[in-house]
Amino acid sequence: MGVSGASGVAPARISARGWGWQHSGRAAKAVHDLDLEIEPGERVLLLGPSGAGKSTLLHALAGVLGADEGADEFGSLLIDGASVAEARGRTGLMQQDPDSQVVLSRIGDDVAFGAENLAVPREEIWRRVPAALAAVGLELPLEHPSSVLSGGQKQRLGLAGMLAMRPGLLLLDEPTANLDPAGVVDVRDAVRNSLDETGATLVVVEHRVSVWLDVVDRIVVLAPEAAGEPGGVLLDGPPATVLAEAAGMLSAAGVWVPGHVPAVRPRTAVPAYDAGSHLLLGAEALAVSRAKARRGHPAVPAAVVPSVRIFAGQALSVTGPNGAGKSTLALTLAGLLPAAGGRLEATEALSRGAGGAPLKWRGRELISRIGTVFQEPEHQFVTGSVRDELLFAPRLLGQGGDKVDELLERLRLGHVAGANPFTLSGGEKRRLSVATVLAASPQVLVLDEPTFGQDANTWAELASLLTELLDAGTAVVSVTHDAAFTRVLGGDRLVLGAPAGDASVGDNHAPASARKAVQR
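Residues in the sequence shown are numbered from 171 upward in steps of one, following the numbering used here.
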């Protein structure tokens, strides 16, 4: 065991010998033949293509894979020479899904939860809680409800809870994926400051190398199991050396190498905006909120948008800081939340006789007109296999499954077609959530953080598919912090500010004549 830092934290040692894991019902191993040593206090960036087993390894180190009945484990995986189950109190895991790590209804209690389970003295816990919240940039009252936090704020909350625990091993799975640019810096710096104070060991999974390049002292690249390939560790070494000697190999493997953006199919069609037939959805003075109005007290809006126009073949990217109401706006535009004020109306070109209010459409009417990809992919899985997920909407609509095989191939999900959706990697879950919506061929796509968890190759494939849909006349609305993705899709950008009502639209590609016609 390593020497304790100034805070009394003993950094953990990790040892893997021929370790592997095969999920129940899966033909291939999630991790195969892994030999890896991580010394106490090392800071490791774990890379690899989507599906290489990065999240599985982190979950194994945290001792939370045991609930997968019927799974097979190979070799040995130890922390400080003990089994991972015995070392659970030594590790802190931040998972990809922000909702999965929120436990209690008030943020102060939620941050305190882990430390309380480690029997930290009460006085020390409540000294750590506000300090941890401040460190991650979530300086809200301790009694603030955790249920009203945005996905990015929940991500910060989860990290704050881990920092308050002072673990000897910090395991972070895509910790900045749902954060705005300022939040990425806040969280990264909070982790670095905590490591400097405690000396803890770090293993962080992040597709984008540049975020953590100045924090880590080692890069380990995992290779997925493949026919004739050994799996395990593909590359291992100091960051500068790995990037200098193997940038081409990393790019080919789907790793986000600094300065390299993968090629994406460009848009070939320019939307012919026409107010009579191509406007699909419009809103005026639209107030959005997830809170319910009480008698005499209207719901406080998360955002107020003066005007939104969604045209066939148009991309609209919704950006802004965490907590600005982006996801709430997306759900309202998608007909899944009532507007808190203003007007939202679908044109006949979209409603096709179902009426002007998407909120009042029946399920079958909605999914064939507006398809929604939630921020948390698991929220839309309803069957026991990937293929059945893709068949669910077509069957509901009385259609065939003609698109299923094409979607499986395009989004690189063919090898998991028979797998349970909940056993997929984070990136695979995200691609499946997109595919399930595309299977219904809606006229409008509403996507919340669509590129979350994607390696460079799957990112390019997803972006290319969306440019094809745009050229074919589908409207694509994306809530995203991914600037490269926004540039590739083009179109309009709706920027929401932190204060309610602060919104602006820029980069509108619609001709002025079309806008005037719409206003009439």
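Note that CB positions come from ideal geometry on N, CA and C, so glycine has one too. Everything numeric in this text was worked out from a predicted model, so none of it was measured.
Helix, strand or coil for G402 per DSSP? If you number the sequence shown from 1, residue 402 lands on position 232. Strand.
Excluding five sequence neighbours on each side, which residues of the same chain lie with their C-beta closer than 7 angstroms to the C-beta of N590? Working through the sequence shown from its first residue, we reach residue 590 at position 420. For N590, where only same-chain residues beyond five positions count, the Cβ hits under 7 angstroms are G195, G554 and S555.
Contact under 8 angstroms by Cβ, P476 with G505: One-based indexing of the sequence shown puts residue 476 at position 306. One-based indexing of the sequence shown puts residue 505 at position 335. Cβ distance not < 8 angstroms, so P476 and G505 don't count as in contact.
Proximity of I480 and V361 at Cβ, strictly below 8 angstroms: To locate residue 480, count along the sequence shown from 1; it is residue 310. To locate residue 361, count along the sequence shown from 1; it is residue 191. Not closer than 8 angstroms, so no.
Reduced DSSP secondary structure (H/G/I, E/B, other) of R378: For the purposes of this step, residue 378 is identified with residue 208 of the sequence shown, where counting begins at 1. DSSP places R378 in strand when its eight states are reduced to three.
The beta strand (DSSP E) that contains Q192, what's its start and end? Within the sequence shown, residue 192 is the residue found at index 22, counting from 1. Note, Q192: beta strand (DSSP E), I184 to Q192.
Assuming contact is defined by CB atoms lying nearer than 8 angstroms, are R547 and L602 in contact in what I supplied? Sequence index remark: in the sequence shown, residue 547 carries index 377 (1-based). Sequence index remark: in the sequence shown, residue 602 carries index 432 (1-based). The sequence given here has Pro at residue 547, not Arg. Yes, they are a contact pair.
Are the CB atoms of L420 and V386 nearer to each other than 8 angstroms? In the sequence shown, residue 420 corresponds to position 250, counting from 1. In the sequence shown, residue 386 corresponds to position 216, counting from 1. Going by C-beta atoms, L420 is not nearer than 8 angstroms to V386.
I'd like the list of long-range same chain contacts for A472, defined as Cβ closer than 6 angstroms, with 5 residues on each side in sequence excluded. Residue mapping note: residue 472 aligns to position 302 of the sequence shown, counting from 1. These residues qualify, in order along the chain: V458, S459, G495 and T498.
Residues near D693 in its chain [Cβ-Cβ closer than 7 angstroms; skip 5 each side]: Any answer about residue 693 is impossible in this case: the structure gives the chain only from 171 up to 690.
If we ignore side chains and look at the alpha-carbon of each, how far apart do V586 and M335 end up? Residue mapping note: residue 586 aligns to position 416 of the sequence shown, counting from 1. Residue mapping note: residue 335 aligns to position 165 of the sequence shown, counting from 1. Near 36 angstroms, if we compare the C-alpha coordinates of M335 and V586.
Enumerate in chain order the residues of its own chain whose CB-to-CB distance from L228 is below 7 angstroms, with the five nearest sequence positions on each side excluded. As a first step, residue 228 must be located in the sequence shown, where it is residue number 58. L263, L341, D343, V373 and V375.
Alpha carbons only, please: which of P337, S270, L312 and P315 is nearest the one belonging to G284? Position 114 of the sequence shown holds residue 284. Comparing Cα-Cα distances from G284 to each of P337, S270, L312 and P315, the minimum goes to P337.
Strand pairing of T489, partner residues [DSSP]: Mapped onto the sequence shown, residue 489 falls at position 319. Per DSSP, V665.
My guess is that G276 and P300 are in contact by the Cβ rule of under 8 angstroms, so how many angstroms apart are they, rounded? Residue numbering aside, residue 276 sits at position 106 when the sequence shown is read from its first letter. Residue numbering aside, residue 300 sits at position 130 when the sequence shown is read from its first letter. In the sequence on display, residue 276 carries Arg and not Gly. That belief does not hold up - the Cβ atoms of R276 and P300 are roughly 13 angstroms apart, past 8 angstroms.
Coarse secondary structure for T261, derived from DSSP in three states: Numbered from 1 along the sequence shown, position 91 holds the residue referred to as residue 261. Here T261 sits in strand by DSSP.
So, with DSSP's three-state summary, where would you put F544? Against the sequence shown, residue 544 aligns to sequence position 374. Three-state DSSP puts F544 in coil, outside helix and strand.
Contact defined as beta carbons within less than 8 angstroms: I believe T593 pairs with E559. What is the distance between those atoms, to the nearest angstrom? The residue labelled residue 593 in the question sits at position 423 within the sequence shown. The residue labelled residue 559 in the question sits at position 389 within the sequence shown. Not really, about 13 angstroms apart at Cβ, beyond 8 angstroms.
Backbone secondary structure at G523 - three-state DSSP: Here residue 523 corresponds to residue number 353 of the sequence shown, with the count starting at 1. It is coil, neither helix nor strand.
Hey, quick one: how far does the alpha helix (DSSP H) through H229 stretch, first residue to last? Stepping through the sequence shown from its first residue, residue 229 is reached at position 59. Start and end: K224 to L231.
Between N287 and G322, is the Cβ-Cβ spacing less than 8 angstroms? Translated into positions along the sequence shown, residue 287 becomes position 117. Translated into positions along the sequence shown, residue 322 becomes position 152. Contact flag unset, no.
With which residues is G328 paired in a DSSP beta bridge? For the purposes of this step, residue 328 is taken as residue 158 along the sequence shown, with counting starting at 1. G328 is not bridged to any residue.
Could you check if T502 is buried or exposed, using at least 16 other CB atoms within 10 Å of its CB as the buried criterion? Mapped onto the sequence shown, residue 502 falls at position 332. Classification for T502: buried.
Since I believe V478 is in contact with L449 (beta carbons under 8 angstroms), could you give me their beta-carbon distance rounded to a whole number of angstroms? Mapped onto the sequence shown, residue 449 falls at position 279. Mapped onto the sequence shown, residue 478 falls at position 308. L449 to V478, Cβ: 11 angstroms. No contact.
With a threshold of 16 other CB atoms inside 10 Å of the CB of R539, please say whether the residue is buried or exposed. Counting from 1 along the sequence shown, the entry for residue 539 is found at position 369. Answer is buried; the Cβ neighbour count reaches 16.
Quick check on this structure: which residue in G525, A469, D366 and T517 has the alpha carbon closest to the alpha carbon of A509? What you label residue 509 is simply residue 339 of the sequence shown in a count that begins at 1. When each option's Cα is compared against that of A509, the closest is A469.
Pull up the DSSP beta-bridge partners for W426, would you. The residue you call residue 426 lines up with position 256 of the sequence shown. DSSP lists R378 as partners of W426.
Contacting residues, own chain, Cβ-Cβ under 6 angstroms from A516 (five flanking each side not counted): One-based indexing of the sequence shown puts residue 516 at position 346. These residues qualify, in order along the chain: L451, G526 and P528.
Buried or exposed, going by whether 16 or more other CB atoms sit within 10 Å of the CB of A302? As a working mapping, residue 302 is identified with position 132 in the sequence shown. Answer is buried; the Cβ neighbour count reaches 16.
Cβ neighbour criterion (16 or more within 10 Å) applied to K462: What you label residue 462 is simply residue 292 of the sequence shown in a count that begins at 1. By the neighbour-count rule (16 or more Cβ atoms within 10 Å), K462 is not buried but exposed.
Segment limits, beta strand (DSSP E) that includes E243: Reading the sequence shown from its first residue, position 73 is the one you call residue 243. Unbroken beta strand (DSSP E) run through E243: D242 to I249.
Length of the line joining the Cα atoms of L583 and A393: Taking the sequence shown and counting its residues from 1, the one referred to as residue 583 is at position 413. Taking the sequence shown and counting its residues from 1, the one referred to as residue 393 is at position 223. Spanning the two alpha carbons is a distance of roughly 17 angstroms.
Closest by CA to G512, which one among G533, E454, V488 and L567? Counting from one through the sequence shown, the residue named residue 512 turns up at place 342. G512 has its Cα closest to that of E454, out of G533, E454, V488 and L567.
Please classify R276: does DSSP put it in a helix, a strand, or coil? Numbered from 1 along the sequence shown, position 106 holds the residue referred to as residue 276. It is a strand residue.
Residue interval of the beta strand (DSSP E) (run including E454): Walking along the sequence shown from the start, residue 454 turns up at place 284. Counting along the chain, the beta strand (DSSP E) containing E454 begins and ends at L449 to V458.
Measuring only the C-alpha atoms, how far is I537 from A519? For the purposes of this step, residue 537 is taken as the residue at position 367 of the sequence shown. For the purposes of this step, residue 519 is taken as the residue at position 349 of the sequence shown. Cα to Cα, I537 sits roughly 15 angstroms from A519.
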